[in-house]
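Visitor: Line order of the protein sequences matches chains A, B, C and D. Just so we're aligned: 172 in the numbering used here is position 172 of the first sequence, and the numbers increase by one with no gaps anywhere. Just so we're aligned: 1188 in the numbering used here is position 188 of the second sequence, and the numbers increase by one with no gaps anywhere. Just so we're aligned: 2017 in the numbering used here is position 17 of the third sequence, and the numbers increase by one with no gaps anywhere. Just so we're aligned: 3250 in the numbering used here is position 250 of the fourth sequence, and the numbers increase by one with no gaps anywhere. Glycine included, C-beta positions come from ideal geometry on N, C-alpha and C. Model, not experiment: these values are computed from the prediction. Dropping a structure here in structure tokens format, bear with me for questions.
Protein chains: 4
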Amino acid sequence: MSDLEAILEETRAAIAPKIGTGKVADYIPALARVDPNKFGIAVVDLEGKVTSLGDAHDPFSIQSISKVFTLTLVLCRHGARLWKRVGREPSGSPFNSIVQLENERGIPRNPFINAGAIVVSDMLLGGGTAAVTVDQITEFIETLAHDPSISVDREVVASEIETGYRNAALANFMRGFGNLENPVDQVLEVYFCQCSIAMSCVQLARSALFLAAGGKDPVTGQQIVSQERARRINALMLSCGHYDASGDFAFRVGLPGKSGVGGGILAVVPNRCVIGVWSPGLNANGNSLVGTLALEHLAAKSGWSVFVG
Amino acid sequence: MSDLEAILEETRAAIAPKIGTGKVADYIPALARVDPNKFGIAVVDLEGKVTSLGDAHDPFSIQSISKVFTLTLVLCRHGARLWKRVGREPSGSPFNSIVQLENERGIPRNPFINAGAIVVSDMLLGGGTAAVTVDQITEFIETLAHDPSISVDREVVASEIETGYRNAALANFMRGFGNLENPVDQVLEVYFCQCSIAMSCVQLARSALFLAAGGKDPVTGQQIVSQERARRINALMLSCGHYDASGDFAFRVGLPGKSGVGGGILAVVPNRCVIGVWSPGLNANGNSLVGTLALEHLAAKSGWSVFVG
Amino acid sequence: MSDLEAILEETRAAIAPKIGTGKVADYIPALARVDPNKFGIAVVDLEGKVTSLGDAHDPFSIQSISKVFTLTLVLCRHGARLWKRVGREPSGSPFNSIVQLENERGIPRNPFINAGAIVVSDMLLGGGTAAVTVDQITEFIETLAHDPSISVDREVVASEIETGYRNAALANFMRGFGNLENPVDQVLEVYFCQCSIAMSCVQLARSALFLAAGGKDPVTGQQIVSQERARRINALMLSCGHYDASGDFAFRVGLPGKSGVGGGILAVVPNRCVIGVWSPGLNANGNSLVGTLALEHLAAKSGWSVFVG
Amino acid sequence: MSDLEAILEETRAAIAPKIGTGKVADYIPALARVDPNKFGIAVVDLEGKVTSLGDAHDPFSIQSISKVFTLTLVLCRHGARLWKRVGREPSGSPFNSIVQLENERGIPRNPFINAGAIVVSDMLLGGGTAAVTVDQITEFIETLAHDPSISVDREVVASEIETGYRNAALANFMRGFGNLENPVDQVLEVYFCQCSIAMSCVQLARSALFLAAGGKDPVTGQQIVSQERARRINALMLSCGHYDASGDFAFRVGLPGKSGVGGGILAVVPNRCVIGVWSPGLNANGNSLVGTLALEHLAAKSGWSVFVG
């Protein structure tokens, strides 16, 4: 058993009493019926070596973790023009989100809150169709993951559209401020589809490997984004990746990360590896309860932290 | 000339056209009359070696940078009890600060906004006097800096007290919520005194060296705080160290940092060094305009970033 | 010339220098091209006698004044059940409106802000169609006005729908909180149609006569609403009828009133008469600049005020 | 028994089951120990005739009702200059109060919220002392009440000062925006003293009689304020007299009124009378529970309403 395998086993033992706790997202049936006892974790190192455990190969709804990939894609296409339409600051509570959106005249605080990701969707749409745009996003992730089997869960999409009034409110709000260029329903279709992509812990960790390696896929050698851009995406994940618990995640785990309401978390250890973890029960902040604990334990045991000294 | 000296020279050349720009803080005379053309930078490495340039030995008013030291001291004394009275999340705009303080019933978002630092002052006061508490803070910094000449600028204190209505409002507000235990004027005296401490870039960088070295002063070997705590202070600096420009600083510079309205910035490069920079002109967010540019340039040229990969 | 005619002439002379000032609403073409020099005023007393002047017979877009009629209609149909879904308090600034809507979980502050009127539209819709509901609203106003020629301006409706992103945001927001029961687009169609009703000053004043007469049409003797309900509608107009200038209108004019962005204002003098005034240029609060001045002058000269003593 | 006596008896019977309910203000001992079963009501008509019942002659802490008198006094002294420093709009919830104070740069929304009354205290202070100013306020009320026995309850003052952190926060906040001219502690002393004035229902009603009579004391014939100013004070009471329940009070009672946390309410029936009512238990909005019900019943039975028609 490798050291890492041992640490992962120890992590599983540490979080075992908490498995099944937390509240599974229940705003749509497809999420509500996920088994709350699921737990998987995968670590992919710079050689592409996968160490995993539990349900690390089960696909789940990545939800907001998709925002890391769409941010990367929009930066590839439009570069710094993004920052005229989206900020780079943490957003505070959900309550503050909409207050700030009003106060800041339709400019979302960062690309990892829903409003910001909706602007990113709008930019990715360009003048195109939602279907083509969603295909492009999926293909981009497949390329990153070296896995052609990534797909959108259409049942989740249908439910998201049906219940997505708050996101529709945000989109209309920003359109009213002139910060969306495409028809609201097209933009929302792109947004809901990207949130409905299903991936496993292993796929997630593999697809974000470039963020641990200066923007270059360390296995293939392909430069996905510049080193500077990779650092900056990591910085945004650290500042803004966990909604109003971003500061707490930085404090406890000390790694750039992005969570999704499906119970997944992606975490980057620069120069070393990427971690994907999944457990569906959420804490009060809407982040995976067990996933956060597992990362906290893993980071402490491994010594992985961007703040190490 | 060492590599570092060369990079510092290059940095000075890069920011030279901007020296004297920005707006010097003018809410009190002692700050308003500081020469806007001042610029100093100092790097102290883990052996204690100092590389500096410009006005790096001039003392200036450290203002909010003092919050790093009082946070460290209160954690030494009270540990995690702090987090019952202060949060760990970024605060958004100054406007949002007070909204959030109201919404969150007198619990400030983090120890680096004024309200949070005032709670820290209250905890350091204990049941003691302001004078004794200020002495303790000064002595703590002197110990960290290995320099017994750190002092409080009494002219600045007098002006701060005279004009500090907003901080008095915050303190009374929190007292109304039961989140201050000592008399408001005593707490404010401690707070204003700590902000009025004068230090140079060299002293600043030296005194925070433990944050780059896992909580241990790497020169003397003295463990100031645990490794875990040092990481966490760095995490807080990264998330919350630059008010509502914290996300932007993380994005541009990629290092834990803390700025003060006197024009100073402290930045930590874990495992490597600490940087103190000073230039009085402020940008729109109230952070040193030239200091921020210098750190951005220095980080890019040196490759220093916690997000490097 | 009657006393009232003399006062109206004097009022016209007083406001004459201001005619054409203010900013005509320009968010849709049909409003933007209205002649800014228009000014009309009509007073209808309890015998139904009309005294008018200027462009008092020109139809204009009544916009938010329609909220008085839909509130009356919804109270006739659903009574106090309305108050479970809409409040009765002034809303503060537009900025505060959305903050409060978030803070109060989708319950709008009162039926005269857009969000509140959208809930009223939803209740009027019941399970029916927008077209039938709009016909019912129009017929209700025709009955009140004793004039079968009231109609919806379809060009205005089309423009409202095309540009109404902010109202769409509000509607989706409230739907997300469960405070709308019908499909958002149906509700918005009803809302935009009622805002697009065109009426003249004379028609407006005549149709609200019941509010000056204890809920009974004083000409026909028909009881439209109970006396208590009429008083309460007047109370709401006084508290909330002019957005964030409601307090100022109560202070200056001292009468229950409701303004619309088309430049119309309806004002009720209990026990005496109803006034309709129209001039398209708006003041900074979005209320008719000349219309407000005219009412202030007319109230002062006539001694009409609910606060008279 | 007169008609009015009969209506008051009927009102007492109607509210009897509720006497003793509600929550007595308990933030200071002097208020907390008031007998919750107290209930008094007094009506003073334009001839000065007093009709009263219950504990109508017991003095109680008038608290915020004092704001009506200080507003009147400051208008007498400074006229419209007041409106450069205080607004005339309702304030929404307590939460919104401080948000708005921040958003509107230290200008309180109206003279009946604490922040607004503190600015009024500052203007009354001029360059004088708190003691003299408080004497002037007391004498002004004594003149209005035709009763030289009005006094400040010094025990209440002492408690208010001791616990008044929130008001101290507001005062410092406004001082920081330049909207207070005198030292904060002096201003607060005036403010806390005026709140601590003790008066009975009869005294209250008598002292506000000028507001029912066009600004003239109808008994003595003395013109206290102009007719226009009296109307405007009434308008402000109607719009803003009950904090965030002002709209509801206008809706239910339909009269200009001002409540205090001591359980008193003052209500004006223009051209007819003034009502003072007192019962210490408060409803969720901080207004007298039984007092509000009594006024609602009295207004319904008597037909008194400014919106009558």
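(1) Going along chain C in order, which residues have a C-beta closer than 7 angstroms to the C-beta of A:Arg175?
(2) What residue range does the beta strand (DSSP E) around C:Ser2259 cover?
(3) Can you tell me which residues form a DSSP beta bridge with C:Val2120?
(4) Considering just the uninterrupted stretch of the alpha helix (DSSP H) at A:Leu209, what are its terminal residues?
(5) Buried or exposed for B:Gln1222, please, with buried defined as at least 16 other CB atoms from any protein chain shown within 10 angstroms of its CB.
(6) What residues from chain C crowd round D:Cys3240, counting only those whose CB sits closer than 8 angstroms?
(7) Under a Cβ-count criterion, where at least 16 other Cβ atoms within 10 Å of its own Cβ denotes burial, should D:Ile3121 be classed as buried or exposed?
(8) Of all the options D:Phe3210, D:Asn3179 and D:Val3277, which has the alpha carbon lying nearest to the alpha carbon of D:Pro3270?
(9) If contact means a Cβ-Cβ distance below 8 angstroms, which residues of the region 79-94 of chain A contact chain B?
(10) Let me confirm a value: A:Lys258 is counted as buried when at least 16 other C-beta atoms fall within 10 Å, else exposed. Which label applies?
(11) Looking at the structure shown, is B:Ile1224 part of a helix, part of a strand, or coil, going by DSSP?
(12) Report the rounded CA-to-CA distance for A:Glu5 versus A:Cys273, giving the unit in angstroms.
(13) Is it a yes or a no for the region 3248-3265 of chain D touching the region 3020-3040 of chain D, going by three-plus beta-carbon pairs under 8 angstroms?
(14) Only counting the same chain, and skipping five residues up and downstream in sequence, which positions put a Cβ closer than 7 angstroms to that of D:Ile3028?
(15) What's the gap between the Cα of A:Ile233 and the Cα of A:Thr11?
(16) By DSSP's criteria, C:Ile2041 is part of a beta bridge. Which residues make up the other side?
(17) Return yes when the Cβ of C:Cys2201 is within less than 8 angstroms of the Cβ of C:Gly2276, no when it is not.
(18) So, does the CB of A:Asn37 fall closer than 8 angstroms to a CB anywhere in chain B?
(19) Go through its chain and collect everything with a Cβ distance to B:Trp1304's Cβ below 6 angstroms, but skip five positions before and after it.
(20) Does the CB of C:Glu2102 have a neighbour CB from chain A at under 8 angstroms?
(21) Residues of the region 2267-2284 of chain C in Cβ contact with chain D at a cutoff of 7 angstroms, in chain order, please.
(22) With DSSP as the reference, please indicate the residues paired to D:Val3268 in a beta bridge.
(23) Report yes if the C-beta distance between C:Gly2022 and C:Asn2283 is below 8 angstroms; otherwise report no.
(24) In three-state DSSP terms, what is C:Asp2113?
(25) Could you name the residues of chain B that A:Phe251 contacts, counting a contact when the two beta carbons are closer than 7 angstroms?
(26) Counting only Cβ pairs nearer than 9 angstroms, list the residues of chain B close to A:Phe192.
(27) Is there a Cβ of chain B sitting closer than 8 angstroms to that of A:Gly254, yes or no?
(28) With respect to the beta strand (DSSP E) encompassing B:Met1174, which residues constitute its N-terminal and C-terminal limits?
(29) With a floor of 4 residues, list each alpha helix (DSSP H) that falls wholly inside the region 2061-2107 of chain C, ordered by position along the chain.
(30) Should C:Ile2015 be flagged as near chain A, meaning a C-beta pair shorter than 8 angstroms?
(31) Take A:Glu189 and list the residues in its own chain whose beta-carbon comes closer than 6 angstroms to its own, dropping the five residues that flank it on each side.
(32) Establish whether the CB of C:Ala2158 and some CB of chain A are separated by less than 8 angstroms.
(33) Can B:Ser1207 and B:Leu1144 be called in contact, C-beta distance under 8 angstroms?
(34) Taking only three categories from DSSP, how would you classify C:Met2237?
(35) So, for B:Ala1294: in the same chain, excluding its five sequence neighbours on each side, which residues have a beta-carbon less than 7 angstroms away from its beta-carbon?
(36) Check whether chain C comes within 8 angstroms of D:Ser3149, counting only Cβ atoms and requiring the distance to be less than that.
Guide: According to the structure shown:
(1) Tyr2165
(2) Gly2257 to Ser2259
(3) DSSP output for C:Val2120 lists no bridge partner at all.
(4) From DSSP, A:Leu209 is part of no alpha helix (DSSP H); its letter is neither H nor E.
(5) exposed
(6) Gly2247
(7) Reading the sequence as shown, one finds Ser at residue 3121 of chain D and not Ile. So D:Ser3121 counts as buried.
(8) D:Phe3210
(9) Gly87, Arg88, Glu89, Pro90, Ser91, Gly92 and Ser93
(10) buried
(11) coil
(12) 14 angstroms
(13) yes
(14) Val3156, Ser3159, Glu3160 and Thr3163
(15) 27 angstroms
(16) C:Leu2053 and C:Val2277
(17) yes
(18) no
(19) Val1269
(20) yes
(21) Pro2270 and Asn2271
(22) D:Val3274
(23) yes
(24) For clarity, residue 2113 of chain C is Ile in the given sequence; the question names Asp instead. Looking at C:Ile2113 - three-state DSSP - the assignment turns out to be coil, as it is neither helix nor strand.
(25) Arg1088, Arg1232, Ala1235 and Leu1236
(26) In chain order: nothing, as chain B lies at least about 26 angstroms away.
(27) yes
(28) Segment Tyr1165 to Gly1176 is the alpha helix (DSSP H) holding B:Met1174; no beta strand (DSSP E) there.
(29) 2066-2078 and 2094-2103
(30) no
(31) Ala130
(32) no
(33) yes
(34) helix
(35) Thr1011, Ile1015, Ile1041 and Val1277
(36) no
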